[in-house]
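S.K.: Quick note, the sequences are listed as chains H and S, same order.
Okay, so the first sequence: first residue is 1 according to the UniProt record's numbering, each after it adds one.
Okay, so the second sequence: first residue is 1 according to the UniProt record's numbering, each after it adds one.
The C-beta atom is built at its ideal place from N, Cα and C for all residues, glycine as well.
Number of protein chains: 2
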Amino acid sequence: MGKSDTTSVNRKAEIISAAIEVFAEIGYYRATTAQVAQRAKISQPYIFRFFSSKEALLLAALEVSWTRVIDSFRKVMESSLSEQLESDLIRAYDEILDSYQNEILLQMQAQTIQENSIREEMRKGFEEVRRIVLDAFRDAGIPNSKERTMLFLARGMLCNISTVLDMPELMEK
Amino acid sequence: MGKSDTTSVNRKAEIISAAIEVFAEIGYYRATTAQVAQRAKISQPYIFRFFSSKEALLLAALEVSWTRVIDSFRKVMESSLSEQLESDLIRAYDEILDSYQNEILLQMQAQTIQENSIREEMRKGFEEVRRIVLDAFRDAGIPNSKERTMLFLARGMLCNISTVLDMPELMEK
DNA sequence: CAAGTTAGTGATTCATCAATTACTTCTCTA
DNA sequence: TAGAGAAGTAATTGATGAATCACTAACTTG
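Quick look at the structure:
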């Protein structure tokens, strides 16, 4: 079976999905590869045919989660009118938080992990999201786009916390 | 030695300080009580004379970190003029981030920990900080104080991330 | 159909860790 | 100065977990 066959690609994606769930629910360091395997309905050692280590699996899971946000924002940017750009971006992020909470929870965990490969992936993700939002605001002719971008990201981060701690009052206006 | 003697109180505080450092640097779940003990220059089992479990130690560390923020904000509230209230609060928080980064890093970790006692401590901390800021904004006659409070907290959360990931550009205006 | 390749697992290894136990050493003070 | 309590540790325990190894079964292709 080569890289081009879809079987192994699906298996890999299944393992990543299971890992996102288990890591988010239990915490990356506390979660065991056996738990991930159980969720993916495979044996524990089989994970290591696809990922060289538990950390490599986390990295793959983070990539998926950042791609989710970035693709979603890009899509908004392409289709949204200038006047409703920001509200469309907010809506897009709310939908991600609703449908893929685990991926955001995993990102939040990864914010404080010190391993270099993880930190770099997180920096890359944040930087790319910031770039997209800033360019979109500028294209839309929004004044003070840098500050508006910062505030957009800031509200997003508080929204994460409000969601995972189940404290809706934190976002009240 | 009773509870009123300062020796044991100091030891307890020393252990908490060591735990804040080690948990922040290494991650709560990955850090070992032996590492905390080494940092505190005591033996590993001695920790359990003061804390019934590793989790109880984390809880104590979180209490310290929230008290730091709350006391600091209360002090600002008492002494600050209305016009500079928000900038004084920002300055106070910046100083905490500068001098006690590890405590903030620990709070960030705890945001995603699912244990009930930890979640409750985090909710309590956030709720109390929000209360203080909101009351202060209202007292100062700031309009839209609820939204302003939300934005203040939001910027704080982004500032945390910007600091721990060493990405100053995230806070650029 | 034979021989290679892919998919997958059970058992094991080696290291690590939270927590307990049982012990020693130090410090007052009656 | 005896001895009671406080401060502290070494050694152990019992469990757990990432990663490896050795193996089997099922496909596929010349």
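(1) Output, in chain order, the set of chain H residues within a Cβ distance shorter than 8 Å of Val164/S.
(2) Could you name the residues of the same chain whose beta carbon sits closer than 7 Å to that of Met171/H, not counting the 5 residues immediately before and after it, in chain order?
(3) In angstroms with no decimal places, state the Cα-to-Cα distance between Asp5/H and Ala13/H.
(4) Fully enclosed by the region 105 to 147 of chain S, which alpha helix (DSSP H) runs are 4 residues long or longer?
(5) In whole angstroms, what is the alpha-carbon distance linking Met77/H and Ile132/H?
(6) What does the alpha-carbon distance come out to for the pair Glu83/H and Phe50/S?
(7) Counting Cβ pairs closer than 8 Å, one from the region 117 to 135 of chain S and one from the region 114 to 134 of chain H, do we hit at least three?
(8) Using a C-beta to C-beta distance shorter than 7 Å, which residues of chain H count as neighbours of Phe73/S?
(9) Closer than 9 Å between beta carbons: that is the criterion. Which residues of the region 55 to 89 of chain S meet it against chain H?
(10) Check whether the region 39 to 46 of chain S touches the region 86 to 96 of chain S, taking contact to mean three or more Cβ pairs, one atom from each stretch, closer than 8 Å.
(11) Give me the subset of the region 38 to 56 of chain H whose CB atoms are less than 7 Å from a CB atom of chain S, sorted by chain position.
(12) Starting from Ala92/H and walking both ways along the alpha helix (DSSP H), at which residues does that stretch end?
(13) If you draw a straight line from the C-alpha of Ala61/S to the C-alpha of Leu105/S, how long is it?
(14) Take Gly2/H and list the residues in its own chain whose beta-carbon comes closer than 6 Å to its own, dropping the five residues that flank it on each side.
(15) When the distance is taken between beta carbons, is Phe126/H closer than 8 Å to Leu153/S?
(16) Under 7 Å Cβ to Cβ from residue 174/H, same chain only, skipping five residues before and after it: list those, please.
(17) Is any heavy atom in the ligand COA found nearer than 7 Å to the beta carbon of Glu172/H?
(18) Measure from the C-beta of Phe137/H to each C-beta in chain S and report whether the shortest distance is under 8 Å.
(19) Just to confirm the assignment, what range does the alpha helix (DSSP H) spanning Lys173/S have?
(20) According to DSSP, simplified to helix, strand and coil, what is Asp166/H?
(21) Under a three-way DSSP split, which group does Ile42/S fall into?
(22) Using 8 Å for Cβ pairs, my map puts Arg155/H next to Glu103/H. What's the rounded Cβ distance?
(23) Hey, out of Ile20/S, Phe137/S, Gln44/S and Glu25/S, whose CA is closest to Phe73/S's CA?
(24) Under 8 Å between C-beta atoms, does Ala19/S make it to chain H?
(25) At least one CB of chain S closer than 8 Å to the CB of Arg123/H: is that the case?
(26) Quick one: measure Cβ to Cβ for Ile90/S and Val129/S, integer angstroms, because I've assumed they're closer than 8 Å.
(27) State yes or no: is the C-beta of Ile47/H within less than 8 Å of the C-beta of Val36/H?
(28) What does Glu103/S touch in chain H if you count any residue whose Cβ is under 8 Å from its own?
(29) Three-state secondary structure (DSSP) at Ser52/S?
M.R.: With the structure as the only source:
(1) Gln111 and Thr112
(2) Leu158, Cys159 and Ser162
(3) Unreliable placement is indicated for Asp5/H, whose pLDDT of 39 sits below 50; no coordinate value is reported for it.
(4) 116 to 139
(5) 8 Å
(6) 59 Å
(7) no
(8) Correct list: empty, because the minimum Cβ distance to chain H is about 16 Å.
(9) none
(10) no
(11) none
(12) Leu85 to Ser99
(13) 12 Å
(14) Note that Gly2/H scores 32 on pLDDT, short of 50, meaning its location in the model is unreliable and no value can be drawn from it.
(15) no
(16) Any property of residue 174/H remains undetermined from this structure, which presents chain H solely from 1 to 173.
(17) With respect to the ligand COA, the structure shown offers nothing to examine, as it has no ligands at all.
(18) no
(19) Premise fails: Lys173/S is in no alpha helix (DSSP H) and is neither H nor E.
(20) coil
(21) coil
(22) Between Glu103/H and Arg155/H the Cβ distance is about 19 Å, and since that is not below 8 Å, they are no contact.
(23) Phe137/S
(24) no
(25) yes
(26) Going by Cβ atoms, the distance from Ile90/S to Val129/S rounds to 13 Å, so no, they are not a contact pair.
(27) yes
(28) Simply none; closest approach about 12 Å.
(29) coil
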